[in-house]
Amino acid sequence: MATSPKPVDLTSLNSEELKDVKRQLDLEIEQLTQSYTTLRTARNRFIECQNAVEITSKKENEGKEILVPLTVSLYVPGKIKNTEMVNVDLGTGYHVDMTAAKAMEFYKGKVEYVEKSLSEIERILDSKAQNGGIVTQVLREKIAQASAQSA
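First residue of the sequence shown: 39, per our numbering; consecutive thereafter.
Okay, here's the thing in structure tokens:
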């Protein structure tokens, strides 16, 4: 059973310890920001997939030529044969044929899941930023006290 960390009285720490706490918070903020950026990219890709399914599943697009992605940078010409079925990339190289409606639901669920994660990261980032501000303020006060005592 994991226990939550106990609050630390920042005023009981010396300047070096406060600097270490600030560095740790800055590192955590940087890592969370990278995760946030990665998740936003994933969300945007899922939205693009939804849009692609919506466009290609229209009955009037049957028989039209399209470029089919084989890799991120390699596309081959193809034709839409069946507007009711699409091939969905589930990740890690697995593809499944689904109805267009099922694919839209699949991508909608992915977008919702990623947006929940983004909201959680935003909340944590705000908290870490607030904590960083508090640590910085306490550190400034410690430095000012040390300057006043040495003067």
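Note that the Cβ used here is the ideal one computed from N, Cα and C, for glycine as well. For clarity, every value in this text was computed on a predicted model and none was experimentally measured.
task: Could you name the residues of the same chain whose beta carbon sits closer than 7 angstroms to that of Thr49, not counting the 5 residues immediately before and after it, in chain order?
output: Counting only Cβ-Cβ distances below 7 angstroms, and skipping sequence neighbours, we find Val176.
Span separating the alpha-carbon of Ala184 from that of Gly129: Their backbone Cα atoms lie some 56 angstroms apart in a straight line.
- request: Give the straight-line distance between the Cα atoms of Arg161 and Gln69, rounded to the nearest whole angstrom.
  value: Rounded to whole angstroms, Arg161 to Gln69 spans 14 angstroms at the Cα level.
message: Using a Cβ-Cβ cutoff of less than 7 angstroms, which residues in the same chain neighbour Lys60 once the five nearest sequence positions on both sides are dropped?
response: The residues are Gly170, Val173, Thr174, Leu177.
message: For Ala141, tell me which candidate among Glu122, Glu54, Ile159 has the shortest Cα-Cα distance.
response: For Ala141, the closest of Glu122, Glu54, Ile159 by C-alpha to C-alpha distance is Glu122.
message: What ranges does the alpha helix (DSSP H) occupy inside the region 43-114, keeping only unbroken runs of at least 4 residues that lie completely in it?
response: Along the region 43-114, the alpha helix (DSSP H) occurs as fully enclosed runs of 4 or more residues at 53-94, listed in sequence order.
task: Just tell me which of Tyr151, Asn120, Leu108 has its CA closest to the CA of Gly131.
output: For the set Tyr151, Asn120, Leu108, the Cα lying nearest the Cα of Gly131 is the one of Leu108.
field: Straight-line gap, Ser53 to Glu86 (C-alpha atoms, nearest Å)
entry: Roughly 49 angstroms between the two C-alpha positions.
C-alpha distance - Glu98 paired with Asp164, whole-angstrom precision: For Glu98 and Asp164, the distance between alpha carbons rounds to 48 angstroms.
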